[in-house]
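J.: For the sequence shown, the UniProt record's numbering begins at 1 and goes up steadily by one. Cβ coordinates follow ideal geometry from the N, Cα and C atoms, glycine included.
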Amino acid sequence: MWFSKTSETVLKELNSNISTGLSDEEAKKRLSEYGPNRLSTKKKKTLLQLFISQLADVMIYILFGAAIISAIVGEISDSIIILIVIFINAIIGVVQESKAEKALEALKELSTPKAIVKRGGELKEVPSEEVVVGDIVVIDAGRFIPADLRLIESANLKIDEAAFTGESVPADKDAMITIEKDNVTIGDQHNMAFMSTLATYGRGIGVVVGTSMDTQIGKIAKMIDEAEEDSTPLQKRLAQLGKTLGFAAIFICGLIFVIALFQGRDMLEMFLTAISLAVAAIPEGLPAIVAIVLAMGVQRMIKENAIIRKLPAVETLGSVNIICSDKTGTLTQNKMTVTKFYADNSLLNIDNIELEKPSNKLLIHGMILCNDATYTEKSKTGDPTEIALLEAGVKYNLFKESLNEQFQRIDEIPFDSDRKLMTTVNKHEGGLKVFTKGAIDSILKISNKALLGEDIVDLNDEVRKSILKAADEMSDEALRVLACAYKEIDSSNVSIDSLETNLIYVGMLGMIDPPRLEVRDSIKLCKSAGITPIMITGDYRNTAFAIAKELGIAESIDETISGDEIDRFTEETFNENIKDYKVFARVSPEHKVKIVKAFKSHGNIVSMTGDGVNDAPSLKTADIGVAMGITGTDVAKGAADMILTDDNFTTIVSAVEEGRNIYNNIRKSIIFLLSCNFGEIVTLFVAILLNWDTPLLPIHILWVNLITDSFPALSLGVDPGDKGVMNDPPRDPKESLFSGRFGVLLAINGAIMGALTLVAFRVGEHLYPDSLMHAQTMAFVVLAVSQLFYSLSVRNPKKTLFEIGPLTNKYLLGAICLGILLQLVIISIPPIAEIFKVFTLTSRDWGFVILLSLIPFILNELIKILFRKR
Numbered sequence: 001m002w003f004s005k006t007s008e009t010v011l012k013e014l015n016s017n018i019s020t021g022l023s024d025e026e027a028k029k030r031l032s033e034y035g036p037n038r039l040s041t042k043k044k045k046t047l048l049q050l051f052i053s054q055l056a057d058v059m060i061y062i063l064f065g066a067a068i069i070s071a072i073v074g075e076i077s078d079s080i081i082i083l084i085v086i087f088i089n090a091i092i093g094v095v096q097e098s099k100a101e102k103a104l105e106a107l108k109e110l111s112t113p114k115a116i117v118k119r120g121g122e123l124k125e126v127p128s129e130e131v132v133v134g135d136i137v138v139i140d141a142g143r144f145i146p147a148d149l150r151l152i153e154s155a156n157l158k159i160d161e162a163a164f165t166g167e168s169v170p171a172d173k174d175a176m177i178t179i180e181k182d183n184v185t186i187g188d189q190h191n192m193a194f195m196s197t198l199a200t201y202g203r204g205i206g207v208v209v210g211t212s213m214d215t216q217i218g219k220i221a222k223m224i225d226e227a228e229e230d231s232t233p234l235q236k237r238l239a240q241l242g243k244t245l246g247f248a249a250i251f252i253c254g255l256i257f258v259i260a261l262f263q264g265r266d267m268l269e270m271f272l273t274a275i276s277l278a279v280a281a282i283p284e285g286l287p288a289i290v291a292i293v294l295a296m297g298v299q300r301m302i303k304e305n306a307i308i309r310k311l312p313a314v315e316t317l318g319s320v321n322i323i324c325s326d327k328t329g330t331l332t333q334n335k336m337t338v339t340k341f342y343a344d345n346s347l348l349n350i351d352n353i354e355l356e357k358p359s360n361k362l363l364i365h366g367m368i369l370c371n372d373a374t375y376t377e378k379s380k381t382g383d384p385t386e387i388a389l390l391e392a393g394v395k396y397n398l399f400k401e402s403l404n405e406q407f408q409r410i411d412e413i414p415f416d417s418d419r420k421l422m423t424t425v426n427k428h429e430g431g432l433k434v435f436t437k438g439a440i441d442s443i444l445k446i447s448n449k450a451l452l453g454e455d456i457v458d459l460n461d462e463v464r465k466s467i468l469k470a471a472d473e474m475s476d477e478a479l480r481v482l483a484c485a486y487k488e489i490d491s492s493n494v495s496i497d498s499l500e501t502n503l504i505y506v507g508m509l510g511m512i513d514p515p516r517l518e519v520r521d522s523i524k525l526c527k528s529a530g531i532t533p534i535m536i537t538g539d540y541r542n543t544a545f546a547i548a549k550e551l552g553i554a555e556s557i558d559e560t561i562s563g564d565e566i567d568r569f570t571e572e573t574f575n576e577n578i579k580d581y582k583v584f585a586r587v588s589p590e591h592k593v594k595i596v597k598a599f600k601s602h603g604n605i606v607s608m609t610g611d612g613v614n615d616a617p618s619l620k621t622a623d624i625g626v627a628m629g630i631t632g633t634d635v636a637k638g639a640a641d642m643i644l645t646d647d648n649f650t651t652i653v654s655a656v657e658e659g660r661n662i663y664n665n666i667r668k669s670i671i672f673l674l675s676c677n678f679g680e681i682v683t684l685f686v687a688i689l690l691n692w693d694t695p696l697l698p699i700h701i702l703w704v705n706l707i708t709d710s711f712p713a714l715s716l717g718v719d720p721g722d723k724g725v726m727n728d729p730p731r732d733p734k735e736s737l738f739s740g741r742f743g744v745l746l747a748i749n750g751a752i753m754g755a756l757t758l759v760a761f762r763v764g765e766h767l768y769p770d771s772l773m774h775a776q777t778m779a780f781v782v783l784a785v786s787q788l789f790y791s792l793s794v795r796n797p798k799k800t801l802f803e804i805g806p807l808t809n810k811y812l813l814g815a816i817c818l819g820i821l822l823q824l825v826i827i828s829i830p831p832i833a834e835i836f837k838v839f840t841l842t843s844r845d846w847g848f849v850i851l852l853s854l855i856p857f858i859l860n861e862l863i864k865i866l867f868r869k870r
């Protein structure tokens, strides 16, 4: 009952210290003793369980039945081959499923929330899984509580405990309370914080009293299995497609069997043929291939600084046509940089400063000395604006540390938001100088002189007017302007009140958070891909537009709108006019939700970035919520579909490109497999319908199914990305896998491969009228090899193999070579040839079957050229 004990007692019992926390050694010791701080889930399947699960399929049961019947009637070789095919298919399934599982586990580890703990007297950010009992945890708004804590300190701390209490209002927390009752509900334990709840306001410090399954949520987890199977919409559509194909295959096979019955064929052979065809018609490996392609694609995204938290996001990425992005840190460098200065009536780039000139030297000295930030090679601390001033000095080897030693600070007036000024008194070149920096209006109010060249002149209307004109020019370029003034004094006993009077104006520095260099090209790429980039920022309209114009997001100030203007619109009017705006300035998190809904009302697929607690609703509302990995809070990351580990807009565009390529690769695998399966159905159905001899034995169908459904299909799934994929418009999320000419090409290619197999068979019958086995062997080779060659043309629906590079997918080339080699082995080695009932082909036969097998590939390449010419 930790809530009934004082914080001092809890710290003593857990042998912890609020000032230093645990030592690293003690934390490691406790981690090994208590185990990782994560909820236990159901045990992973063993390899044996994975293997058995591959056999839990109706079609596999039918194949087992066929193997048993074959053995009973004396066809032992057929029975053995069927069992071998089942075994190999199961092994491939196990390998694919275990790979996909490992990839997804790696993703879960990457998206683990972090916790701030005290270790050895220092604050450290560690994965929440490494938090141990006795750790001192720092809590602030937007962070998830990593374990059960007894609070030690709290300041206006509020925690959302809706998951436990059902209360929508966050609970107030007070570390100083000690509860004397024994049986107290979670909602009344005001000095406790519980794992997986969210701090929404204030701050606090707590000591860990329970981790993993010893937490309140752990008790619930013991009753509920939290592990979820994450099926994507595509995988669900494929499962439905599999059922449809299954029924269609069973119908066709039944029809073939009935026709064969009337024709008086061998019933056992036709039974096995029908079953083999049913199994071949259904691409059972497709769900596993889709899962592994998705997982491997997501792993590639991790290397590009994008962590996908939810697999469906990969599919949705390919359909995104609106990207709403924060400005600061995402489109810009999140680093204030001095770019211009004004002194001696000249507005120039900062690179043109000449320290030999008194005004230039005093301007830089004043900005560095009248500054509370610190700057070293290893660290920078303080206000970003002041750091930017120090960095401007570093360009000229003027470091604050050495200047402070040379020109010691004697006195100061700290910055005040009302005055908009800061003042210091420094020993400077034999006397004392007062340096004041601040807003240009505030500086001009307290100055009566100006330094021009080496002369000090009166600050008359003409001089004042030229200064204000330069300030306006800098503001028009979205620069933040800071001015500097000084005066010399005789004694350090001058009253503080008189320091900011009768100053000599020196000059101004203009700074900006500059755009990321690579973003402009990414914006251009977006537009060519039919994606509209939108800027959303809390900055002022002019600043936002200046950056947007430089990046190519907006062309006119009329394309910008502020939060105040949004509030004046009705929802209907705003939705109607949303397409007129590219920049949203001075917006709140509430406005973000309104913006996303407005874009979505026109049927757009919207991506939205966010980093704060209040951004969670807009991230949830968007089709793709994107959280910042560096500046983002845990709650933003928890609500997002994707996390950027570098907070960079370019990464979003790269992720969209990768998402498009992943979807295209999955579609390639599907089209390839279904075309091949359709070819097998055409071959047998036409032959039986025309009352020909059977061109393929059951064992041949199973073998072809094995060598095409595995490595070639998987190799297509990992095909290198198409560099021109961003030249296409976004995909309609409701679009069928077989939209456009994909469905037609599937049917045509299946029919062609089936027809060529029949041609090989009939030619074989003509050349070798006394050897049906010889003709069947020729048909067998053409069916297998034509499918392998056909896979090369599936790589791109528009570009020929030579345009995309024949050697760019070495995995596919390897799969094709392996398939042909295995086919050669089956035919050439007598014991194996006997099992497969095949005949050794002559060199003339090989030339003929290879020529036939190349036809689907050649026809597809020619079709691409013709379509492009049209």
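What first and last residue would you give for the alpha helix (DSSP H) that runs through H700?
T.: Looking at the DSSP string, the run of the alpha helix (DSSP H) that includes H700 is P698 to D709.
J.: Alpha carbon to alpha carbon, how far is M511 from L398? Give it in angstroms, no decimals.
T.: The alpha-carbon atoms of L398 and M511 are separated by roughly 18 Å.
J.: Am I right that I259 and T532 are in contact with their C-beta atoms under 8 Å? What's the rounded C-beta distance?
T.: About 57 Å; that fails the 8 Å criterion.
J.: Could you have a look at G187 and say whether DSSP puts it in helix, strand or coil?
T.: Helix at G187.
J.: Can you tell which of A751, N796, G847 and I858 has the C-alpha that lies nearest to the C-alpha of F789?
T.: Considering only alpha carbons, the answer is I858.
J.: Between M195, P806, T332 and P830, which lies nearest to L792 when the distance is taken from Cα to Cα?
T.: Closest by alpha carbon: P806.
J.: What residues are listed by DSSP as bridge partners for H428?
T.: Answer is G431, bridged to H428.
J.: Just the C-alpha distance for K12 and P617, rounded to the nearest angstrom, thanks.
T.: Whole-angstrom Cα-Cα distance: 42 Å.
J.: With burial defined as no fewer than 16 other Cβ atoms inside 10 Å of the residue's Cβ, what is the status of T185: buried or exposed?
T.: T185 should be labelled exposed.
J.: Which residue marks the beginning of the beta strand (DSSP E) containing T200, and which one marks its end?
T.: T200 -> beta strand (DSSP E) spans L198 to G210.
J.: Just mark M679 as buried or exposed, buried being the case when its beta carbon has 16 or more other beta carbons within 10 Å.
T.: Strictly speaking, residue 679 in this sequence is Gly, with Met absent from that position. Looking at its Cβ environment, which holds 16 or more other Cβ atoms inside 10 Å, G679 is buried.
J.: Along the chain, which unbroken stretches of the beta strand (DSSP E) at least 3 residues long are found entirely within the stretch 714-785?
T.: Runs found: none.
J.: Helix, strand or coil for T840 per DSSP?
T.: Note: T840 maps to coil in three-state DSSP.
J.: Pull the bridge partners of K437 from the DSSP assignment, please.
T.: In the DSSP output, where bridge partners are listed per residue, K437 has M422 and C484.
J.: Would you please verify whether the beta carbon of V656 is less than 7 Å from any beta carbon of chain D?
T.: Within the model displayed, chain D is absent; a lone protein chain is all it includes.
J.: Could you check what DSSP says for I308 in three-state terms: helix, strand or coil?
T.: Reduced to three states, the DSSP call for I308 is strand.
J.: How close, in whole Å, do the beta carbons of R541 and R586 come, if the pair is a contact with beta carbons under 8 Å?
T.: Yes, R541 and R586 are in contact; Cβ-Cβ is about 7 Å, under 8 Å.
J.: Tell me, please, which residues DSSP counts as bridged to R409.
T.: DSSP, once it has assigned bridges, lists N426 as partnering R409.
J.: Could you name the residues that DSSP lists as bridge partners for R38?
T.: Paired residues: none, contrary to the question.
J.: Can you give the Cα-Cα distance for F87 and I159, rounded to whole angstroms?
T.: Cα to Cα, F87 sits roughly 54 Å from I159.
J.: When the distance is taken between beta carbons, is G393 closer than 7 Å to R660?
T.: Result no, Cβ atoms of R660 and G393 do not sit closer than 7 Å.
J.: Rounded to whole angstroms, what is the Cα-Cα separation between K620 and I578?
T.: Computed Cα separation, rounded: 20 Å.
J.: Considering only the beta carbon of each residue, do L294 and V320 sit closer than 7 Å?
T.: No, the Cβ-Cβ distance between L294 and V320 is not below 7 Å.
J.: What's the C-alpha gap between S607 and G552?
T.: Computed Cα separation, rounded: 19 Å.
J.: Could you name the residues of the same chain whose beta carbon sits closer than 6 Å to that of N426, not counting the 5 residues immediately before and after it, in chain order?
T.: Contacts found: L369, F407, R409 and K433.
J.: Which of helix, strand or coil does DSSP assign to residue 900?
T.: An answer regarding residue 900 cannot be provided, because it is not within the stretch 1 to 870 covered by the chain.
J.: Using the Cβ count rule (16 or more neighbours within 10 Å means buried), how would you classify V825?
T.: Burial call: exposed.
J.: Under 7 Å between the Cβ atoms of E161 and N37?
T.: The answer is no: Cβ separation not under 7 Å.
J.: Does DSSP put L110 in a helix, in a strand, or in coil?
T.: Its pLDDT being 48, under 50, L110 is placed unreliably by the model, and nothing is read from it.
J.: For the structure I just gave you, are there three or more beta carbon pairs, one from the stretch 2-20 and one from the stretch 151-158, closer than 8 Å?
T.: As far as the Cβ criterion goes, the stretch 2-20 touches the stretch 151-158, which means the pair count is three or higher.
J.: Write down the C-beta distance between A483 and I440 rounded to the nearest angstrom, noting that I regard them as a contact closer than 8 Å.
T.: Indeed they touch by this definition, with Cβ atoms about 4 Å apart.
J.: At the level of alpha carbons, what is the spacing between D225 and D580?
T.: Legend: pLDDT at D225 = 46, less than 50; position of this residue unreliable, value from coordinates given subsequently. Approximately 49 Å, taken between the alpha carbons.
J.: Taking the straight line between their C-alpha atoms, what separation do you get for A171 and A27?
T.: Distance between the alpha carbons of A171 and A27: 30 Å.
J.: With a threshold of 16 other CB atoms inside 10 Å of the CB of T330, please say whether the residue is buried or exposed.
T.: By the 10 Å Cβ count, T330 comes out buried.
J.: Since T609 contacts M628 with CB under 8 Å, what's their CB separation in whole angstroms?
T.: At roughly 7 Å, the Cβ-Cβ gap stays under 8 Å, so T609 and M628 are in contact.
J.: With DSSP collapsed to three states, give me the class of S359.
T.: S359: helix per DSSP, three-state reduction.
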